[in-house]
Amino acid sequence: MYTFIVNPHARSGLGLKVWKRLEGMLKERQLKYQVFLTRYPGHATKFAHTLTSGSKEITLIALGGDGTINEVVNGIQDLSKVTLGYVPIGSSNDFARSMKLSHEPEVLLKQILSPSE
Numbered sequence: 001m002y003t004f005i006v007n008p009h010a011r012s013g014l015g016l017k018v019w020k021r022l023e024g025m026l027k028e029r030q031l032k033y034q035v036f037l038t039r040y041p042g043h044a045t046k047f048a049h050t051l052t053s054g055s056k057e058i059t060l061i062a063l064g065g066d067g068t069i070n071e072v073v074n075g076i077q078d079l080s081k082v083t084l085g086y087v088p089i090g091s092s093n094d095f096a097r098s099m100k101l102s103h104e105p106e107v108l109l110k111q112i113l114s115p116s117e
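Right under this line is the structure:
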């Protein structure tokens, strides 16, 4: 199962539009997923904290800008149990640029879903 934390307001609402496209890809592949949409600053941290508080392993994918990925990372309780993915949707995307991530959300999702390809 894939767990997404999505900032729908990233880059003036682009986050929600991109999520809808990516969700279509997940449904096409008939993959199990859950999604949590942030509503306010700090919400991604709360989601990440709650989702990673248990003892099971989790694949957590953040969709948003630098602030969203920062919040998600800050909320993770046990990084050894988390596989973290990131789809940058923000306006500056400094983190994504420094990691040399693609600018294409669909490309990134494919890489996350099939990391060996």
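Numbering (the working numbering), first residue to last: 1 to 117. C-beta atoms are modelled at their ideal positions from N, C-alpha and C, and glycine is treated no differently. Here the structure is a predicted model, which is why all the values come from computation and not from measurement.
Local conformation of residue i per DSSP, three classes
i      : result
Ile112 : helix
Selected residue, minimal CA-CA separation from residue i, among the options
i     : options                       : result
Ser55 : Leu22, Gly85 and Gln77        : Gln77
Asp67 : Ser92, Ile58, Lys81 and Leu84 : Checking the sequence, you will find Gly at residue 67 rather than Asp. The residue with the shortest Cα to Cα distance from Gly67 is Ser92.
Leu84 : Ala48, Gly42, Trp19 and His43 : Ala48
CB-CB length for residue i against residue j, believed under 8 Å
i      : j     : result
Gly75  : Lys46 : 7 Å
Ile89  : Ala10 : 4 Å
Glu104 : Met25 : Actually they do not touch by this definition, with Cβ atoms about 12 Å apart.
Ile69  : Tyr2  : Actually they do not touch by this definition, with Cβ atoms about 16 Å apart.
beta-carbon residue i near the ligand SAH non-hydrogen atom, thresh 6 Å
i      : result
Pro115 : No copy of the ligand SAH occurs in the structure displayed, which carries no ligand at all.
Continuous beta strand (DSSP E) assignments of at least 3 residues falling wholly in the segment 5-93: If we require 3 residues or more, the beta strand (DSSP E) runs fully inside the segment 5-93 come out as 33-37, 58-64 and 82-88.
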